[in-house]
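Visitor:
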Amino acid sequence: MDLASFAPHGLYVPPPVLEAAAHVSGMAAYRKLVAQAQADYGGYWAGIARDVVAWRTPFSKSLDESEAPFYKWFADGTLNVSWNCLDRHVQAGRGARTAIVFESDAGTVTRVSYRDLLARTCRLANALKARGVRRGDRVVIYLPMSIEGVVAMQACARIGATHSVVFGGFSAHSLRDRIEGAGAVMVITADEQVRGGRHLPLKAIVDEALALGGCDSVRDVIVYRRTGAAVAWNPARDRWLHDECAVQPDSCEPEWVGAEHPLFLLYTSGSTGKPKGVQHSSGGYLVFAAVTMKWTFDLKDDDVFWCTADIGWITGHSYIAYGPLALGATQVMFEGVPTYPDAGRFWQMIQRHGVTIFYTAPTVIRSLLKAAEADAAIHPDRYDLASLRILGSVGEPINPAAWEWYHRNVGGGRCPIVDTFWQTETGGHMITPLPGATPLVPGSCTLPFPGIEAAVVDEAGNDVPNGQGGILVVKKPWPGMIRTIWGDPERYRASYFPPELRGFYLAGDGAIRDAGTGYFTITGRIDDVLNVSGHRLGTMEIESALVSCTELVAEAAVVGRPDDTTGEAICAFVVLKGSRPMGEEARQIANTLRNWVAREIGPIAKPKDVRFGDNLPKTRSGKIMRRLLRSVAAGQAITQDISTLENPAVLQQLAEKI
Ligand code: WTA
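Each residue of the sequence shown is one higher than the one before, starting from 133 at the first, in the numbering used here.
#1: Please state the DSSP three-state secondary structure of Gly527.
#2: Check Trp445 in the structure and name its three-state DSSP category.
#3: Report yes if the CB atom of Ala534 is closer than 8 Å to the CB atom of Pro494, and no otherwise.
#4: Using a threshold of 7 Å, is the CB atom of Trp445 nearer than that to any non-hydrogen atom of the ligand WTA?
#5: Do you know how far the Cα of Pro749 is from the Cα of Arg758?
#6: Can you list, in chain order, the residues of its chain with a C-beta nearer than 7 Å to that of Phe138? Leave out the 5 residues immediately preceding and following it.
#7: Grab the span of the beta strand (DSSP E) containing Val605 for me, first residue to last.
#8: Nearest to Val691 by CA position, among Val685, Ile756, Gly545, is which residue?
#9: Select from Gln784, Asp741, Gly666, Leu195 the residue whose C-alpha is nearest the C-alpha of Thr697.
#10: Can you tell which of Val213, Leu275, Asn212, Gly402 has its C-alpha closest to the C-alpha of Leu669?
#11: One question on the structure: do Gly328 and Thr492 come within less than 8 Å of each other, judged by their Cβ atoms?
#12: Can you have a look at Lys193 and say buried or exposed, based on whether 16 or more other CB atoms are within 10 angstroms of its CB?
#13: Note down the Cα distance separating Ile530 from Gly444, rounded to an integer number of angstroms.
#14: Within the present structure, is the beta-carbon of Asp442 separated from the nearest heavy atom of the ligand WTA by less than 7 Å?
#15: So the alpha helix (DSSP H) Leu397 belongs to, where does it begin and stop?
#16: Which same chain residues, not among the five before or five after Asn747, have their C-beta less than 7 Å away from its C-beta?
#17: Rounded to the nearest angstrom, what separates Gly599 and Val550 at their Cα positions?
#18: Within its chain, find whatever has a CB closer than 8 Å to the CB of Tyr173; leave out the 5 residues flanking it on each side and keep chain order.
#19: Within the present structure, is the beta-carbon of Phe553 separated from the nearest heavy atom of the ligand WTA by less than 7 Å?
#20: To the nearest angstrom, how far is the alpha carbon of Thr321 from that of Arg623?
#21: Need the endpoints of the beta strand (DSSP E) that Val353 sits in, please.
#22: Does the distance from the CB of Gly300 to the CB of Leu334 come in under 8 Å?
#23: Within the present structure, is the beta-carbon of Gly300 separated from the nearest heavy atom of the ligand WTA by less than 7 Å?
#24: Taking only heavy atoms of the ligand ATP into account, decide whether any of them is closer than 7 Å to the Cβ of Glu528.
#25: Alpha carbon to alpha carbon, how far is Arg752 from Leu760?
#26: Would you mind working out which of Gly745, Val664, Arg188 sits nearest Trp388, comparing C-alpha positions?
#27: How far does the beta strand (DSSP E) with Pro694 in it reach, from first residue to last?
#28: Hey, would you say the C-beta of Arg616 is under 7 Å away from at least one heavy atom of the ligand WTA?
#29: Over what stretch of residues does the beta strand (DSSP E) that includes Phe437 continue unbroken?
#30: With a floor of 4 residues, list each alpha helix (DSSP H) that falls wholly inside the stretch 154-216, ordered by position along the chain.
#31: Considering only DSSP beta bridges, list what Ile489 is partnered with.
#32: Under the three-state reduction of DSSP, which class applies to His393: helix, strand or coil?
#33: What does Trp372 pair with, by DSSP beta-bridge criteria?
#34: Please work out which residues of its chain come closer than 6 Å, Cβ to Cβ, to His393, disregarding the five sequence neighbours upstream and downstream, and give them in chain order.
#35: In whole angstroms, what is the alpha-carbon distance linking Thr558 and Gly345?
#36: Pick out the complete alpha helix (DSSP H) segments inside the stretch 718-786, 4 residues or longer, and give them in chain order.
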């Protein structure tokens, strides 16, 4: 591998001590795994599946392609995910080991052992059964970052119920859509969520969502008392979690399910229409979450792992609720935000808990970098971060400057950074360095996880030469992959396996491989999906939210523009029903529309810029010219051919900032 030619920002080889002891030690070991997978794909994954998961009844076959692209993995094997994550460790004499070190927003630390976590999971599992939740039923979880959140997910897994976690930042409307979409029989929520000293009324949002209608499937709402705030109460429907659990025994026979049994749905944004319910399996998903946890983070017995993601996102599923627990790890879980009480909170927590593996998002790094530069008192160099040995990044491309800062100031120059590329749909890491093997290049997610056949192709599915950009695909199914879109198998096929790509999985991102090393760099989404602070949003969703403000809005188009901190920022171009507003009026209407979107979707979807025009730029056939709008949003000179544009004068209007 010629790495010298490919290191514009330097090249980082694994520290020898780390490499020597790593699960995957050195590039030769990496290549050996890749070769094994190539030689015997089914056998390779079967070996991993037997290593990282305990099966109730063994599977006889790894991959079943008979109904492609509806692939099945380990299909005749049975297991229980919660048994794997909890009982297995207790039975192996590791029950006293700390599973979760939970730190509240205000800084209170609670430790829960594997034995305790199992008991709490069983009590809730029994309570769910007592309320009539059965195998295959869907349960929506709308909880803050909490031990209860993990317990709720594990309790569903224990009884074979399929959970659908909804991020606590989503609005009542979004929550309603997800409850309705899943046909949930139960919602598990909390009185309030506490973040950065602010209280958010989760239970009230659930009440509002259910009142919007369409949620008749919901029989019970279970409420975790987080703050003790007063909440409205519907005695026919609402129950306190502590009351429900108090009367239940702390053991519960797990429901043994087939490997393909749906463990969870997780709604995520696509390029068209409403968010889609990504359906994951039990067996293949757990195998993939566990093996990526083990190899990408080189997880060892004495590690203290901390993933800062929320359990409402896939990262919190695979690398908080399932991956670490499947391997019996000790992990830190945090309720709050990185900037409260100050932007040194994360560094302080790493020091306090002796975190050895730290996994966060580029947007967090960029904002803490800025804060540290502005205030030396919260600079990472003021804290003792010597416990760290591996750093991780996820959710969006990490720019080399942020990478270098993270490496030097947080990792003390000695910790490899694993820049993990993956998606809600992939279940776990797809393209990532392995810390004891892969030489690192800032800004590149380097090489596929062993066994993953990632490639860059053209629009007909042909490989493009390295050095030339193209479409990122995965050529073979893998155990952790999405199984279908809940209730919409045709959308699954159309979104991920378009006919022109010959059965390859379409990730929706562009990528380029380095001419020398073959290293991958992700160049961003090729569809209408935005990535704002690592949160995935569809432009269509935001447009629909805007035009649903029928009193004001005639037409709207939403695009992303680059932003130094959030990666991308949302820019909305709006045509009002009345005349184009100016000055103070424009400012007021823009704010009204921002708040409208926050109510419809959630605060994360608020457009940063709102621009008004008499019209939107359209081709003569009436199509909105989005590429053009992207240039306008970014403040770039227009280089596109605008000769076919119906109304070129509006470009001037739309370029004006409010
Ligand atoms: C982007 C998050 C570059 C990408 C786990 C992908 C990344 C989308 C990276 C999925 C990375 C995620 N480098 N881009 N390391 N990780 N992405 O479903 O555009 O919330 O398609 O899953 O985030 O976002 P999702």
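For glycine and all other residues, C-beta sits at the position ideal for the given N, C-alpha and C.
Guide: Once the coordinates are examined:
#1: In this structure, Gly527 counts as coil in the three-state DSSP scheme.
#2: coil
#3: yes
#4: yes
#5: 8 Å
#6: Here the model assigns Phe138 a pLDDT of 47, short of 50, so the residue's position is not dependable, and the following value carries that caveat. The residues are Val573, Asp646, Gly648, Thr649, Tyr651.
#7: 602-606
#8: Ile756
#9: Gly666
#10: Gly402
#11: no
#12: exposed
#13: 22 Å
#14: no
#15: Run containing Leu397: none in the alpha helix (DSSP H); it sits in the beta strand (DSSP E), 396-400.
#16: Val707, Asn779, Val782
#17: 22 Å
#18: Same-chain partners within the cutoff: Ser194, Leu195, Gly583, Lys608.
#19: yes
#20: 30 Å
#21: 352-356
#22: yes
#23: no
#24: The model depicted lacks the ligand ATP and carries the ligand WTA instead.
#25: 15 Å
#26: It is Arg188.
#27: 685-695
#28: It should be noted that the sequence gives Thr, not Arg, for residue 616. No, the Cβ of Thr616 stays beyond 7 Å of every heavy atom of the ligand WTA.
#29: From DSSP, the beta strand (DSSP E) with Phe437 extends over 436-439.
#30: 158-171, 173-184
#31: Phe437, Ile522
#32: coil
#33: For Trp372, which the question treats as bridged, DSSP gives the partners Val355.
#34: Excluding sequence positions up to five before and after His393, its CB lies within less than 6 Å of the CB of Ser414, all in the same chain and listed in chain order.
#35: 32 Å
#36: 758-765
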